[in-house]
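In our numbering, the protein residues as written are 301 to 431.
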């Protein structure tokens, strides 16, 4: 029998092993937890666990959860781990700085909301935020 926490830990370990077999870059340890909790499969898993409301899980329950969620979460994690921004952080920040300087030179000043719009709406910021 498994408690709810033991079930989730065991599923996470299985997912980590499968991802580790396919993703061999050294940063897996650093990025796995961040990416794992952002997957739709993880959200579905947590919703299902809460919906079931069980405190003890048998091996059959574990197998069911494994069949339903592990493959989906592994594929989502691999997609997120392999997603690489087209620019480095430094290149992106240099580009933002140039845009801000242009706006300041053109208008004489720039307000905070305009800066935020330029910074947070950029494609590479969104990619970096998802990692």
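All residues carry an ideal CB built from backbone N, CA and C; glycine is no exception.
Each residue's CA atom was taken as its position, placing residue 315 and residue 357 some 19 Å apart. Around the CB of residue 339, 16 or more other CB atoms lie within 10 Å, so the residue is classed as buried. For the 7 Å CB-CB criterion, residue 373 and residue 332 do not form a contact. Of the residues assessed, residue 376 falls on the buried side of the cut-off, its CB having 16 or more other CB atoms within 10 angstroms. Within the same chain, and ignoring the five residues on either side of residue 366 in sequence, the residues whose Cβ sits closer than 8 Å to its Cβ are 311, 314.
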